[in-house]
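Take a look at the structure below.
Protein chains in written order, with this note's numbering: chain G, 47 to 306; chain W, 2 to 213.
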């Protein structure tokens, strides 16, 4: 199997949203949001976009407070900059740098920014500079942001991207592109339903299907092959779960005995 | 952009250009004022620096420091790879060569070449193996503290190197024809096969030109 980057509909929507965000009129909403469960290729798509375009990337941290966030924003834009001491100065420094470069900023793990007022700092920076800021998070972030109407109203509606699972037709295309074999639409639908767009699971399925095709010398994967593969995977899962339940529950607290 | 050692000829030229708004080749020659060989070395260094965007030529023999940093001209794939290495390092996710080629949509050959160049320059380091076989890399702290535009780039193989390879192939073919003629066993078929070989070589060289 030879992996190649696949421009799915999600990636196309990301590219389209970024174009709209960058070419929009001043003083119009310019925040973006990308959300979806893990394993659907969000990070790969952002890596791909980042490697081909001028933009910044920041990973959110659990311990972030506004002061630390501003520091990392400044160092992200100018790694050798001297970060000022006071929070107000840092804010102005970050604002000046954003105005200078005007590149969009991706903030990953944005779920961590929901606390300690970090989100409000981003909102202020966006209002004062008009630079697009795109938050990336899990699917819970959407409901959390809905509870903040001031922030939600600044999100551009076309730039709110829910990372959806691959459709059956896309899956057929990916399979053909990566393995050189064809997948019957019915089989693709079964894969879509069972795997729910998780790329990690799909990759292992692709490898197994490719091996099965090579052994049987066939060029097309049928629905029956996929069904048997899914049954095998489910059986493995059950066995693993059974074994986990069979493990003896031993809880040892080291050091406690010595103290007692 | 290529890094410059401050102790080298290029480093001295850069210091001189930075000290004044513009500087002529004559002034630079006076600065070095040594043998003819040194002068030639200086002119070569000047050409190289102009090529890499460290200094800009503003007139006949007049040089200045450009206001903006040089972009990686005609080296889109290298810029993509540098940015990819950067983002993976920020996330602390080591990457393999194939990952880089996959996301940056470039060939494995280019990814390998660029990774080797970055490792030589001290911008990448090996951090482990995937499955005990595939080496994984991360950018070094020095690289992360630099703008991506300042990361080193690989230069194209020079034109004369390609010509030289072609010429060597031609000489080889000629020698074989000559040897065959001396032994009086050459046939038209042999000549045709050699000509075919030569054509293939030329096509391969042209293909390389287009790719790179």
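Idealized CB from N, CA, C, for every residue including glycine.
- Taking a cut-off of 8 angstroms for Cβ pairs, the segment 170–187 of chain G and the segment 67–79 of chain G touch, as three or more such pairs fall below it.
- The C-beta of residue 204(W) comes no closer than 9 angstroms to any C-beta of chain G.
- Of all residues in the segment 94–106 of chain G, only 94, 96, 97, 98, 103 and 105 come within less than 7 angstroms of chain W when Cβ atoms are compared, listed by chain position.
- Proximity of the segment 126–139 of chain W to the segment 125–140 of chain G falls short of the contact definition, fewer than three beta-carbon pairs being nearer than 8 angstroms.
- The beta carbon of residue 85(W) falls within 9 angstroms of a beta carbon belonging to chain G, placing the residue at that interface.
- Note that the segment 92–106 of chain G does not touch the segment 257–266 of chain G; fewer than 3 beta-carbon pairs, one per stretch, sit closer than 8 angstroms.
- Shown here, residue 151(G) sits in a strand according to DSSP, grouped into three states.
- Nearest Cα to residue 128(W) within the set 53(W), 87(W), 143(W) and 94(W): 94(W).
- Taken in chain order, the complete beta strand (DSSP E) segments of 3 residues or longer contained in the segment 18–68 of chain W are 23–25, 57–60 and 63–65.
- Approximately 18 angstroms separates the beta-carbon atoms of residue 57(W) and residue 10(W); this is outside 8 angstroms, ruling out the contact.
- At a cut-off of 9 angstroms between C-beta atoms, residue 43(W) does not count as an interface residue with respect to chain G.
- One thing to note: residue 145(W) has its Cβ no nearer than 9 angstroms to the Cβ of residue 53(W).
- Around the CB of residue 220(G), 16 or more other CB atoms lie within 10 Å, so the residue is classed as buried.
- Identification of chain W residues near residue 146(G) by a Cβ-Cβ cut-off of 9 angstroms yields none; the smallest Cβ-Cβ distance measures about 12 angstroms.
- Counting along the chain, no beta strand (DSSP E) covers residue 177(G), and no H or E run does either.
- Residue contact with chain W for residue 195(G): absent (no Cβ-Cβ distance below 9 angstroms to any residue of chain W).
- Going by beta carbons, residue 97(G) and residue 85(W) fall inside the 9 angstroms limit.
- With its beta carbon less than 9 angstroms from one in chain W, residue 89(G) belongs to the interface.
- With a threshold of 9 angstroms between beta carbons, residue 125(G) makes contact with chain W.
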